[in-house]
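Protein chains in written order, with the working numbering: chain W, 20 to 303; chain Z, 1040 to 1206; chain B, 3 to 82; chain R, 939 to 1685.
Below, the structure written as structure tokens:
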């Protein structure tokens, strides 16, 4: 294995493009190095992006935020403006692993690891986050939900990497929230998770996005769930309708972490609870 | 796989080592620098026994490559005591009987220090969540949490005294 | 004296819950038991414990067995 | 072995205090050396190739390519470990478990091992070993394994002349349970299951082996019993016991899992073949797949009782899944099941069943927690049925001094009633419970054991004492031994340094298991100290030039008895030690003992929980452990045992389990998905130590290490069942199982 730590995105992309064998981008390494230890991957090349200055920045832009691909969860949580604007996205990212993991893990790594149970992904999807994808010959900006195509699979080309995640400027009276279910209080992978982002107008939900994790091969956006609460004051009937829509959108598997039955049911429970938190945060 | 020469700072000392690029920092510390205080309990970041700080951030050294340490600053459990004076956390872990087998202790100490450095007066809940990345199978965590509480108190007292002195 | 057998040791004594044996020490007791019930030998090798009036002996076979005490033979246990 | 009990009431100077442990500084500074912390010049890295199948015939292993890889110094298979066990089946099972011979019996079973100059080379070599397997049908569930058409794990084990997975069936008890049922007003029958769990010690198995062509060897290893490891390894490898020196490293947790050998014979065999030191460290995945977890079980319980609470009939049958090799787990369960109670008609049946899972090892009070889950859950059902308080029901039937135990012997003084009374009066019982909250309590028993032990006590010329014990210190025993030596000699604790000796420096010591360490090494330490005192008295007599009969030992000093010696001021230990070179040389005390007379131990626990009815998640709100310690030498470490055992029980009760797929492969061999409790999962664990002296120990010591893992499964089961209003009968009571139980009740 070769290890490279380029200073620019351009160099990083060139290294990926030139590698004939298996190449991996190393950001926080909290998934990749665990898989290396378990002999699940045997990279020929590892490209460490943490020495690329642009990738270590959180920038407030005219349209919102731009978060570099190598920004750790801990750094995200320490950015007050971001926490205020996107509490759900930050809390989702901060739920990944322990404080030790937070010192290293990144949203982009969480995304590109392409686990259906990734904590930050449903929150990013609900928030309308986009990925800035850089390849050898082009840059493109892609909605986060278009990145993961299946467990362990992404839509990125061999020579592409994600340089940053952008989050829009939150609309007035809007907020997001994320909840996951794990048997322990910490250190677990989500059995099921839900993210809700909503905007209020005079106490009524004007717009909403609801996303679920660990209930399908990829995190899923559930428009029917959003529809169930749009136009409501989040009364019990609306919440039940949203929960039912969430459960209906589930296509989970039975595995060591949970059953189909359990995931389907609890997806709705979590979505309801997350919606209530988002509603309250938005000033409802 | 050819080795890479790495220059880094460990517990304040400049050190160099050569390691294959796929070697974890944990193994570099243990096998090349003789710092065996950090332990491998899982190799996958799930137990915290290998906790160190890297440029001041608490991390699992099993999830860092040795080559990544180039130019960084590392603190391990071996760097906690000042000369022959134990860190208040170390002293309280002994006084409060917060260890039995002791294999998790180095990781707990490094993680607890990282907590107290940023939050000198944590609640019990804050302590428990901050240490959730460190598994202990002997103690049920009871005496560990008490030791961290006691050390935090000691450190606050010492800080107050120092502040007074400066005035 | 009456010796109570427990668990698998009963099968070795043809299903008897108690056997009558006269012995002054544990060693003598175990010796006589094997003599009467050769099937016991297997259990002895796997390990055995003797309770004399509630006190458990696993290794000290020189212990004297006073008259009128309760003697119970048990399989040897193991712990964590 | 009755002792002078005047000691139990004496005013101790050191015993019972909370002194700092001698290994404390080393452990907080990272200096303490564990299994993986040893390095030898020229050392090689050893790795094991493991079966990817649950059950397979091994047709051929081709190691030729691996052997040719530059940097590879030795490759071994079963062919390098010939059968030297001379018909000893248990030893052969150990050999076959360490290295598969013609068949792989579980996912992770070792089939070959390599030693190479570094880890990457060793990894590459493993890939070059070609094993031809012929897959066989497998079985991993205990109930499935008992069915007549189940795949057979060990063909040599037979029932009624036919191969069977039922290795053993053992019965304990007295009276007639069927007759007892006739006297009962209520009869409750219920079946339960518990899943397989692992001890979960944080330190993986690790060793450094060095064998020379002259037949001598050194083994540095993390173990609970280095003498046992020596004996077993020497037998398996055909070495002389005295020529293999085993040194126990600091041990990073064992809980029973480090009582058996796993990689150690392989490391020795590799070293012998390579003529170089070989270090082997298991990965966490290997620990889960190929060390010795505890049994999964399935059981049926039936209790008959009168309306006044008297239990007239108590029956349990429990099937223990032993893994691929038979053990004594059903027997242990059968002996412990009803030990807390005074019962006229009682029967317990323990069945050992084989499956294609790793060979089960002891786990803290092995086998007791499962049957306690069945018994103590059913007792709560009985209490509810007759409208009696669960504690009162237990007190009504509680075992006392003079009770004939369900496993045979009549009890001497015991503490179960006292723990129940303490629970009844505990403030936690009066705390108000909110919505979705429940409270449960349960009792537990463990025998404790003694066994072979020896101790050396050497007094330096400055009067400080070096104590060498042979039982591995798993939880603070060096502190306790130093305290006992100081107490006996009458000197300060700080003047005693205790050490764990290697196998070359002491006679045989049984393994630290069965809560025997403090009891048996404590006994040997007392005797060794008294032995040394005799020498000290002789030396004082010489210094005074009086007969030794006229010398007594009090408070760390020799005193000359009699009016004629009034002019002789007492001689302190230090003064006598200083003169030792000219009064006969070094002063020492020794003791070799078979520590019999271990005292049984009981505990009662209280647990308050809150269950989220929408997700099925359980939070432990409050937890109290009451346990009889006999005599607590170092209360901190007694409390630590109680808290640690309770925490393991909590993990077992709520989330820990081995999950096997249909393919017979372990799905969760890591700390991510094998969920041991983390710090934020638990509250402070309250403890109350009771001291009902063991009459067979001078201080009254009983073992304390294991008992408190017995009640938690049932205490939590009772609490959760109260919180959700439905009886939980399957451990772990994971969120999906709780929601399912709620659904079934609603339907």
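Backbone N, C-alpha and C fix where the C-beta goes; we use that ideal spot for every residue, glycine too.
Secondary structure of residue 1083 of chain R, DSSP reduced to three states: Three-state DSSP puts residue 1083 of chain R in a helix.
Anticipated Cβ contact below 8 Å, residue 956 of chain R with residue 1351 of chain R, distance rounded: Rounded, the Cβ-Cβ distance is 26 Å, inconsistent with contact.
Beta-carbon proximity check, residue 1292 of chain R vs residue 1105 of chain R, cutoff 8 Å: Between residue 1292 of chain R and residue 1105 of chain R, the CB-CB gap stays under 8 Å.
Reduced DSSP secondary structure (H/G/I, E/B, other) of residue 105 of chain W: When DSSP states are grouped into helix, strand and coil, residue 105 of chain W belongs to the coil group.
Rounded straight-line distance, which links the Cα of residue 1554 of chain R to that of residue 1219 of chain R: Straight-line measurement puts the Cα of residue 1554 of chain R at about 38 Å from the Cα of residue 1219 of chain R.
Spatial distance of residue 1479 of chain R from residue 1524 of chain R (CA atoms): As the crow flies, the alpha-carbon of residue 1479 of chain R is around 16 Å from that of residue 1524 of chain R.
DSSP-derived helix/strand/coil call for residue 1482 of chain R: For residue 1482 of chain R, the three-state secondary structure derived from DSSP is helix.
Contacts of residue 135 of chain W in chain R (Cβ-Cβ under 7 Å): In chain order: nothing, as chain R lies at least about 15 Å away.
Contact with chain R by residue 1204 of chain Z, beta-carbon distance below 8 Å: Cβ-Cβ to chain R under 8 Å: no for residue 1204 of chain Z.
Cβ separation of residue 1174 of chain Z and residue 1540 of chain R, assumed to be a contact under 8 Å, to the nearest whole Å: So it is not a contact: roughly 29 Å between Cβ atoms.
Cutoff 7 Å; reference residue 939 of chain R; Cβ partners in own chain excluding five residues on either side: With a pLDDT of 46 at residue 939 of chain R, under the threshold of 50, the modelled position of that residue is not reliable, and the figure given next carries that caveat. So the list reads 1534, 1535 and 1634, once near-sequence residues are dropped.
Any C-beta of chain W under 8 Å from that of residue 985 of chain R: False, the Cβ-Cβ gap to chain W never drops below 8 Å.
Those runs of the beta strand (DSSP E) which lie wholly inside the segment 1099 to 1161 of chain Z and span at least 3 residues: For the segment 1099 to 1161 of chain Z, whole beta strand (DSSP E) runs of length 3 or above, ordered along the chain, are 1112 to 1114.
Coarse secondary structure for residue 6 of chain B, derived from DSSP in three states: Reduced to three states, the DSSP call for residue 6 of chain B is strand.
Min CB distance residue 1532 of chain R to chain B below 8 Å: It does; some Cβ of chain B falls within 8 Å.
Residue closest to residue 1168 of chain R, alpha-carbon to alpha-carbon, out of R:1150, R:1384 and R:1198: The shortest C-alpha separation from residue 1168 of chain R is found at R:1198.
Stretch pair the segment 1040 to 1055 of chain Z + the segment 267 to 276 of chain W: three plus CB contacts closer than 8 Å: These segments do not touch.
Where the segment 1057 to 1068 of chain Z meets chain W: residues whose CB sits under 8 Å from a CB there: Under the 8 Å Cβ criterion, the segment 1057 to 1068 of chain Z contributes 1059, 1060, 1061 and 1063.
Three-state secondary structure assigned by DSSP to residue 197 of chain W: The three-state secondary structure of residue 197 of chain W, taken from DSSP, is strand.
Nearest-angstrom beta carbon gap, residue 42 of chain W and residue 66 of chain W [assumed within contact, 8 Å]: The C-beta distance from residue 66 of chain W to residue 42 of chain W rounds to 7 Å, short enough to fall under 8 Å.
Opening and closing residue of the alpha helix (DSSP H) in which residue 96 of chain W lies: Boundaries of the alpha helix (DSSP H) harbouring residue 96 of chain W: 92 to 96, taken from the DSSP string.
Contact list for the segment 1614 to 1628 of chain R against chain Z, Cβ threshold 7 Å: Cβ contacts with chain Z: 1614, 1616, 1617, 1618, 1620, 1622 and 1623.
Residue 110 of chain W at chain Z interface by Cβ criterion, 8 Å: No, residue 110 of chain W lies away from the interface with chain Z (no Cβ there is under 8 Å from its Cβ).
Pick from R:1441, R:1308 and R:1538 that is closest to residue 886 of chain R, judged by C-alpha positions: Given a span of 939 to 1685 for chain R in the structure shown, any question on residue 886 of chain R remains unanswerable.
Distance between beta carbons of residue 1655 of chain R and residue 1311 of chain R, contact taken as under 8 Å: With 8 Å as the limit, residue 1311 of chain R and residue 1655 of chain R qualify as a contact, their Cβ atoms being about 6 Å apart.
Pairwise C-alpha distance: residue 1127 of chain R and residue 1691 of chain R: Any property of residue 1691 of chain R remains undetermined from this structure, which presents chain R solely from 939 to 1685.
Collapsed DSSP secondary structure at residue 1673 of chain R in the structure displayed: DSSP places residue 1673 of chain R in helix when its eight states are reduced to three.
Any chain Z beta carbon closer than 8 Å to residue 276 of chain W: Not an interface residue.
CB contact below 8 Å: residue 1087 of chain Z versus chain W: With 8 Å as the cut-off, residue 1087 of chain Z counts as an interface residue toward chain W.
C-beta neighbour in chain B for residue 1257 of chain R, strict 8 Å: False, the Cβ-Cβ gap to chain B never drops below 8 Å.
Cβ neighbour criterion (16 or more within 10 Å) applied to residue 1229 of chain R: It is buried - the Cβ of residue 1229 of chain R has at least 16 other Cβ atoms within 10 Å.
Option nearest residue 1237 of chain R by Cα separation, candidates R:1334, R:1132, R:1210 and R:1263: Per the Cα distances, R:1132.
Cross-chain neighbours of residue 69 of chain B in chain R, by beta carbon under 8 Å: Per Cβ cutoff of 8 Å: no residues; residue 69 of chain B is ~16 Å from chain R at best.
Given residue 1009 of chain R as reference, the closest of R:984, R:1257 and R:1617 once Cα atoms are compared: Of R:984, R:1257 and R:1617, the smallest CA-CA separation from residue 1009 of chain R is found for R:984.
Straight-line Cα distance separating residue 257 of chain W from residue 251 of chain W: When rounded, the separation of the alpha-carbon atoms in residue 251 of chain W and residue 257 of chain W is 7 Å.
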